[in-house]
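A.B. asks: Let me give you the structure first, and then I'll get to my questions.
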């Protein structure tokens with residue numbers, strides 16, 4: 015995780031720094047606090063669960079914006 019901000023800021027992934035980052039309510043929020051200061055061009059989208067409705071809401075939210083990449087952080091079960 016320490017290299018994630020550098021990886022996402024690498025111009026091979028995002029030449030403009032414009033990223034859409036989908037985050038979970040739990041660990042995703044903690045990751046946002048850690049990464050937001052070094053990813054100033056990112057827009058953050060909370061996703062409450064793994065349902066189709068949430069996916070459609072996310073798609074509607076990012077539609078119309080020009081992002082270099084869409085990244086998902088947090089969620090899942092270990």
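Residue numbers (my numbering): 15 to 92. From the three backbone atoms N, C-alpha and C, an ideal C-beta is built for every residue, glycine too.
1. Is the number of C-beta pairs between the region 40-60 and the region 73-89 that are closer than 8 Å three or more?
2. With DSSP run on the structure shown, which of helix, strand or coil describes residue 55?
3. With DSSP run on the structure shown, which of helix, strand or coil describes residue 75?
4. Look up residue 27 in the DSSP assignment and say whether it is helix, strand or coil.
5. Is there a Cβ from chain B that is less than 8 Å from the Cβ of residue 38?
C.D. replies: A quick look at the data gives this:
1. A contact between stretches requires three or more CB pairs, one per stretch, nearer than 8 Å, and the region 40-60 meets this requirement with the region 73-89.
2. Translated into positions along the chain shown, residue 55 becomes position 41. It is coil, neither helix nor strand.
3. Numbered from its first residue, the chain shown carries residue 75 at position 61. Three-state result, residue 75: helix.
4. Residue numbering aside, residue 27 sits at position 13 when the chain shown is read from its first letter. If DSSP states are grouped into helix, strand and coil, residue 27 belongs with coil.
5. The question asks about chain B, but that chain is absent: this structure has only one protein chain.
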